[in-house]
Every structure is written in structure tokens, then in C-alpha cells.
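Asks: Questions regarding the structure given below will be posed in turn.
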Amino acid sequence: MSVKPRIHQIQALRALAASLVVLFHAKLSPGGFIGVDIFYVISGYLITGIIIKEIGNTGKFNYGAFYLRRAKRLLPASLSILALTAIFSWLVLPPTVRADLGKDVLAASLYVSNYLFAFWQNDYQNLNATPSPVIHYWSLAVEEQFYIFWPILVFSLWKFGKRRAVAMGIFATTLLSFIFSHYLTTVNPVWAFYSLPTRAWELGIGALLLFLPKRVSLRRKVAPTLLVWAGALLLIYSIFIFSERTPFPGYNALLPTLGTAILIAGIAYWPPILNDFSKLRVVQWLGEVSYPLYLWHWPLLVLPSTRFGRPLTLLERLFFIALTALAADLTHRFLEKPISNRNYSTQKVIRYSTLGTISCVAISASILLTDQGTIKLPNGSSVSISEVMAKPQVYLDDCHVNNGEVLSGDCTYGDKSSEKTIVLYGDSHAAQWFPALEKLANDNGFKLVSLTKSACPAPEVRKVQIGAYKNADCFKWRENSIKRMREIKPAAIIVSGFAHFDVPDKYSSRKSWWADGQQLAFNHLVGASRKLIYISDTPHPSRDIPNCLAANGGAKCDDIETSDSRVSGGFIKVDPTPWLCTDKCPAVVNGMVAYRDASHISVAMSRSLSLELGGVLTDLGVIR
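Per the numbering used here, the very first residue in the sequence shown carries number 2; after that it's consecutive.
Have a look at this one:
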């Protein structure tokens with residue numbers, strides 16, 4: 002097949018990619034995230050073509066000129082929108098997020114945000130945090146890293162054997178990257194999603210298109226036309242069947258990448274309906290503004306939602322999509338086009354790029370240096386933000402097990418010489434009770450053993466796997482923890498778990514799913530202790546409480562959703578809801594901020610509830 006490009010088809014694919022990402026983040030397209038994969042294939046195809054053309058014509062490659070062209074094309078819009086987003090976020094977002102915002106802007110300025118967000122998202126405790134307004138810069142970071150390494154690889158391969166060596170080298174790189182991507186998607190999907198080595202194969206597939214035969218002997222045009230339709234169907238399938246639950250990238254990413262590759266390779270054979278559609282003025286316009294459209298859409302969706310303290314309504318999402326389109330058009334007209342049409346000297350490109358980067362770094366530093374300050378409570382008093390958002394000591398001691406770990410450390414607290422031991426067992430919603438139990442252990446002279454792991458509740462449920470936390474790791478960790486508890490023979494085992502994970506489709510209700518998990522946990526704990534105590538999950542906030550208080554001064558932050566307090570199996574049930582709620586669940590209880598985020602009670606709140614929890618343990622004969 003001939004692969005001679007027709008620019009309007011490439012623009013149409015750009016338009017499709019940008020539109021899909023916008024619709025996905027506006028919660029209007031379940032598989033719209035594949036827009037990034039479409040972009041990668043296009044970039045791999047176009048950039049590799051530029052590199053090979055220069056090397057083929059001159060036998061050399063001017064790295065400086067290449068990077069200057071990339072800087073001129075990408076940095077003005079990227080850095081300008083980043084700076085505006087950072088400043089606006091600084092002004093409108095609550096001070097509780099400033100530390101994270103500063104780090105995010107700094108990473109985006111230096112095009113390493115993909116690795117920062119990979120690390121950040123691997124911390125389960127941050128999955129419910131306020132979304133970063135610059136998280137979408139991760140894909141730009143991947144591309145920029147690709148631009149650094151790819152010309153070096155291609156030119157080095159060319160010196161060994163020209164086109165044949167380049168083709169073989171790119172094929173080998175693409176294959177190895179795909180294998181690694183598939184492997185890492187199964188063991189650590191967050192890092193697989195964000196990192197260049199696991200995304201390089203998508204760019205490589207685009208690059209390999211340049212080495213297809215220029216002519217293929219075909220008696221009829223039916224065959225290539227059908228192939229083009231097959232490519233389109235692969236994209237359509239991915240858009241409507243894929244969702245956030247789909248393991249990605251891995252082998253699933255083959256569908257959108259191969260679909261895009263087929264459409265690019267078969268440009269000469271696009272059927273009239275696709276060609277005519279791609280020529281539509283609105284489609285071409287979307288292709289022209291696809292880059293600023295991508296840059297603008299996320300902050301214009303996430304910042305209003307964060308400020309409102311709730312998800313956007315459908316009408317609000319449509320309004321901000323329209324505002325995104327307007328901002329993208331203005332950016333293209335008054336920034337991108339004037340710069341691209343001017344013949345700037347090398348010195349000017351370097352000067353302006355450096356100045357823009359320094360400005361963004363300076364803004365991030367200013368945000369980081371801004372005092373996080375305090376949260377003003379409804380009664381007029383103030384509390385330190387850092388104090389409110391602090392995590393229990395087990396996190397600081399690395400005793401709370403995180404992603405990929407299946408064995409808890411030997412972490413004991415209280416009176417370590419005591420013959421009486423109480424075990425705390427479960428996920429982060431069990432760990433939130435650690436401050437209360439640690440106080441009781443110190444006051445009553447018993448040994449406290451903490452066995453907690455993020456995203457692994459004590460009820461032995463199989464969750465829908467989203468992110469880096471694997472069911473297999475949870476089951477192995479539970480097995481190891483139960484074995485240890487049987488060896489300890491504690492006076493009591495206190496268990497709990499977050500009850501709001503996504504439920505697998507095979508269960509008809511959350512109630513039956515959770516009850517089955519509780520029963521399994523009880524069955525496996527019988528014999529380990531005479532007192533098996535289950536603390537029902539705490540009432541579940543509908544928003545991030547510290548952020549809400551910082552932004553609204555206490556108004557609009559109450560009315561927390563109550564959690565299901567039902568407990569199955571033979572556990573001794575403890576319902577903490579009356580300790581936190583009356584006729585409503587207030588964000589501030591007795592002058593203390595009740596929650597440190599959108600899920601977990603604060604350290605101060607937990608410690609204050611030691612009296613109530615101690616009363617329960619005394620009534621049960623566990624402590625005196």
C-alpha cells in the first residue's frame with residue numbers, strides 16, 4: 002500500500018485523538034483515553050519520517066536544529082498554559098493542595114511529570130486526593146523524552162546499515178517495549194501507564210509504517226479498503242468497550258495503536274465517506290487546535306469541580322468543553338500561528354524557551370514556598386493544615402504495607418514486654434484506628450501489633466482491579482498475616498476495611514459481596530483469638546474535608562454519607578457512626594477536623610475516640 006500522506010487525514014486523526022481525551026475526562030466517553038495512543042502513533046510516524054529524511058538526504062543529523070524546531074513548536078503553548086494554570090490554581094484552590102501543586106508544576110516544567118505521577122498514584126492514600134490540574138502533562142513528558150532518545154537511536158542505527166539497520170533496530174525496540182509493557186501492566190499498571198519504556202512501542206509502531214513497501218501488488222482496491230475499515234472498527238471498539246477498568250496499556254493498547262497505524266498506512270485507500278468527513282471544516286479545525294485543546298481541557302474541567310466541591314453537572318461539563326474549544330482557538334490564533342510563521346533565530350528560540358521554563362519553575366517554587374497555613378474552623382479557631390492531614394505513625398515507620406508488598410514488618414507499639422497483645426488488622430481504614438489503639442496501649446500496658454496494608458481490607462473480597470493494587474497481593478498478604486496472628490495468639494484482633502471499592506459484576510449487590518468477604522475473614526481468624534472485633538467502616542465523606550473547610554470556612558462541609566454498619570460472620574460488631582454523627586455527620590467534631598482527606602478520619606479524631614473504643618474493649622473484658 003502507498004503511504005504517501007495526505008495532511009487532511011492526519012489532521013482528522015489528531016482531531017479524533019484530542020476530542021476523545023476531552024470527552025473521556027468529561028465522563029462522556031468510557032474509552033476516550035485511547036486518544037493519547039492515537040497521538041503516539043502519529044508522533045512516531047511523523048518524527049521518525051523527519052529524522053530519516055534528513056539523514057537520507059545529508060548523511061548527517063543536526064540534533065540542535067531538530068530540538069530547536071520541537072521547542073518552537075511545543076514549548077510556547079505548553080509553558081504559557083502551564084504558567085496560567087499554575088497561577089490560577091494557586092489563587093482558587095485551597096491552601097491544602099499547594100505543596101502538591103508546586104511539585105506537580107515543577108515536574109511538568111521539566112517534562113518529568115510522568116514519573117512523578119507514577120510515584121504519586123502508587124500511593125493508595127493519594128488516590129482520593131484532589132486531582133492535579135496539570136496531570137495531563139504526563140503524556141507530553143513521554144513525548145519529550147522520546148524526542149531526546151529517538152534521534153540518537155535512529156542515527157546510530159543508520160551508521161550500521163542505513164534503512165535496513167534502522168528498520169530492524171526499531172522493530173526490536175518496539176517488540177521489547179511491548180513485552181515489557183505487557184509484563185509491567187500485570188504487575189504494576191501505574192508505572193506501565195506513565196513510563197516511556199512501556200509506551201515507546203506505540204511510537205515505534207508509527208515509526209515502522211515508514212518501512213512498509215511503497216507499492217503492494219493488488220488486483221483490486223477492495224482489500225486495502227476493507228483493511229482501512231478494519232482499522233476504523235478497532236478504534237470504534239476501543240472507544241466504546243474500553244473503560245477505566247481495562248488493564249492498560251499492555252496488549253489491550255494493541256487495538257487502538259494498530260487501528261491508527263492501519264488508517265495511516267492506508268491513507269491512499271480511505272473510502273469516500275471517511276475522506277469527506279476528514280475534510281469537514283470543523284474536523285480540520287479540531288486537528289489544527291488539537292494541541293492547545295489538549296493542554297486547556299483538563300484544568301478547565303478539574304478546577305471548577307474542585308472549587309465547587311462536587312462533580313460537574315452535564316450542562317457544566319458541556320459549558321467547559323465549549324470554553325476549552327474557545328481557549329484552544331485563541332491560543333492557536335494568537336500564539337501558535339504567529340510563532341510558527343516567524344523565522345526566529347536560534348538564539349531567540351533558546352532564550353524564550355529558557356525564559357519560559359525558568360518562569361514556570363519560579364512559579365512552582367513560589368507555590369512551594371507559600372506557607373500551607375491553617376484551616377479556619379466554624380467556631381473561629383484555626384488548626385494547622387499539616388496537622389490535620391498528617392497520617393498515623395505506622396505510615397511514618399513504614400509499618401503500613403504499600404503496593405507490591407505481601408509481608409508486614411515486625412511492628413509493635415505500647416508495652417512491648419506485655420504478655421497481652423492486641424492486633425490491628427486490615428487496610429488503611431483499619432490503620433486509621435491506630436492512634437486510638439496506640440493511646441490505649443500506652444495507657445493500659447498492652448502490646449499493639451499493626452498488620453495493615455493499603456487497599457487490602459480485612460474482609461476477603463476480590464475487588465475490581467484499578468491501579469497498582471492486585472487482588473493476588475492482598476490474598477497473599479492476608480495469608481501471611483493470618484499465619485502470624487495464629488502464632489501470636491492475641492487477646493483480641495480488631496479488624497476493619499474500606500467498604501466502597503468497586504464490586505465485581507458477578508455480584509448482584511454490594512451487600513452480598515461484602516458479607517461473603519466478612520464471613521471468609523471470620524472463618525480464617527477463628528482460633529487465632531477468642532475476641533474477634535469488627536469495627537464497621539466510618540461514615541464516608543462526599544468530598545475532601547480539609548479542602549472543603551479551607552475553601553469554604555466550614556459551610557457546605559457537613560452532611561457526610563453514612564456507611565453500611567452491617568457485619569456478617571461471628572465478629573463482635575462495633576459501629577463507630579454514633580461517635581462521629583448525630584442527626585448529621587459534621588466535618589468538625591468537638592473542635593477537631595473529623596477527616597484528613599475524603600476517606601480517613603484524622604489522627605486527632607482517632608486519638609480522641611480512644612475513650613469510646615476503650616469503653617468497648619473494657620466491656621468485652623479485653624482491657625481493664
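Cβ atoms here follow ideal geometry from the backbone N, Cα and C, with glycine treated the same way.
The structure displayed is predicted, hence computed values, not measured ones.
Applying the 10 Å Cβ sphere with the 16-neighbour rule, what's the burial state of R220?
Replies: Its pLDDT being 48, under 50, R220 is placed unreliably by the model, and nothing is read from it.
Asks: Can you tell me which of A456, Y238 and Y353 puts its alpha carbon nearest to the alpha carbon of S30?
Replies: Residue Y238 is the option with its Cα nearest to S30.
Asks: How far does the alpha helix (DSSP H) with G103 in it extend, from its first residue to its last?
Replies: That run of the alpha helix (DSSP H) goes R99 to S110.
Asks: Among W299, V407, Y596 and F67, which one has its Cα closest to the Cα of R485?
Replies: Nearest C-alpha to R485: V407.
Asks: Considering only residues of the same chain and omitting the five flanking positions on each side of G65, which have a CB-CB separation below 8 Å?
Replies: Answer for G65: T347, listed in chain order.
Asks: Per DSSP, what are the beta-bridge partners of G427 in this structure?
Replies: Per DSSP, T453 and S497.
Asks: Determine whether the beta carbon atoms of I494 and S530 lie at a separation below 9 Å.
Replies: Cβ distance < 9 Å, so I494 and S530 count as in contact.
Asks: Where do the N-terminal and C-terminal ends of the beta strand (DSSP E) with Y535 fall, by residue?
Replies: From DSSP, the beta strand (DSSP E) with Y535 extends over L533 to I536.
Asks: Tell me the DSSP bridge mates of M593?
Replies: Beta-bridge pairing links M593 to V590.
Asks: One question on the structure: do G45 and G207 come within less than 9 Å of each other, judged by their Cβ atoms?
Replies: A contact, by the Cβ cut-off of 9 Å.
Asks: Is the beta carbon of P547 sitting closer than 9 Å to the one on I268?
Replies: The answer is no: Cβ separation not under 9 Å.
Asks: Going by the DSSP bridge assignment, what does Y138 pair with across the sheet?
Replies: DSSP lists no partner for Y138.
Asks: Between V389 and R544, is the Cβ-Cβ spacing less than 9 Å?
Replies: No, these two residues do not count as a Cβ contact at 9 Å.
Asks: The beta strand (DSSP E) with G415 in it runs from where to where?
Replies: Looking at the DSSP string, the run of the beta strand (DSSP E) that includes G415 is T413 to G415.
Asks: Just checking my contact of S497 with W434 at CB under 8 Å: how many whole Å lie between their CB atoms?
Replies: 7 Å between Cβ atoms; contact.
Asks: Just to confirm the assignment, what range does the beta strand (DSSP E) spanning T59 have?
Replies: No beta strand (DSSP E) contains T59, which is instead part of the alpha helix (DSSP H) from G36 to T59.
Asks: Is the beta carbon of L1 less than 9 Å from the beta carbon of L304?
Replies: An answer regarding residue 1 cannot be provided, because it is not within the stretch 2 to 625 covered by the chain.
Asks: Tell me which residues share the same chain as S642 and place their Cβ nearer than 6 Å to its Cβ, disregarding the 5 neighbours each side in the sequence.
Replies: Here the chain comprises residues numbered 2 to 625, so residue 642 is not present and cannot be evaluated.
Asks: Given a cut-off of 9 Å, decide if H430 and I483 are closer than it, judged by their beta-carbon atoms.
Replies: No, the Cβ-Cβ distance between I483 and H430 is not below 9 Å.
Asks: Within 10 angstroms of the Cβ of R246, are there 16 or more other Cβ atoms? Answer buried if so, exposed if not.
Replies: Burial call: exposed.
Asks: In angstroms with no decimal places, state the Cα-to-Cα distance between K399 and F476.
Replies: Looking at the sequence shown, residue 399 is not Lys but Asp. D399 and F476: Cα-Cα distance of roughly 20 Å.
Asks: Leaving out the 5 sequence neighbours to the left and right, which residues in its chain are closer than 6 Å to L370 when beta-carbon positions are compared?
Replies: Counting only Cβ-Cβ distances below 6 Å, and skipping sequence neighbours, we find nothing.
Asks: Could you please give me the residues that DSSP links to V155 through a beta bridge?
Replies: For V155, which the question treats as bridged, DSSP gives no partner whatsoever.
Asks: Spatial neighbours of F179 within its chain, please: CB distance less than 6 Å, with the 5 preceding and 5 following residues excluded, ordered by chain position.
Replies: Correct list, in chain order: W202.
Asks: Per DSSP, what kind of secondary structure is V395 in: helix, strand or coil?
Replies: Helix at V395.
Asks: Determine the DSSP secondary structure at K280, reduced to helix, strand or coil.
Replies: K280: coil per DSSP, three-state reduction.
Asks: Going by the CB atoms, is the gap between S110 and V362 shorter than 9 Å?
Replies: Going by C-beta atoms, V362 is nearer than 9 Å to S110.
Asks: Which stretch, first to last residue, makes up the alpha helix (DSSP H) that contains D512?
Replies: First, the residue type needs correcting, since residue 512 is Lys and not Asp in the sequence shown. Its alpha helix (DSSP H) spans residues R511 to L526.
Asks: Hey, out of T86, S409, V384 and S382, whose CA is closest to V395's CA?
Replies: Out of T86, S409, V384 and S382, S409 has the C-alpha closest to the C-alpha of V395.
Asks: In the DSSP assignment, what residue or residues form a beta bridge with S385?
Replies: In DSSP, S385 forms a bridge with T375.
Asks: Do you know how far the Cα of P312 is from the Cα of K28?
Replies: Each residue's alpha carbon lies about 10 Å from the other.
Asks: Locate the beta strand (DSSP E) running through K349, then write down its first and last residues.
Replies: From DSSP, K349 is part of no beta strand (DSSP E) but of the alpha helix (DSSP H) over T347 to L370.
Asks: Can you have a look at V23 and say buried or exposed, based on whether 16 or more other CB atoms are within 10 angstroms of its CB?
Replies: By the neighbour-count rule (16 or more Cβ atoms within 10 Å), V23 is buried.
Asks: Hey, is the stretch 156 to 167 in contact with the stretch 134 to 144, meaning 3+ C-beta pairs nearer than 8 Å?
Replies: Touching, no.
Asks: Can you tell me whether DSSP reads S530 as helix, strand or coil?
Replies: Of the three classes helix, strand and coil, the one that applies to S530 here is strand, per DSSP.
Asks: May I ask you to report which of helix, strand or coil DSSP gives E245?
Replies: DSSP places E245 in coil when its eight states are reduced to three.
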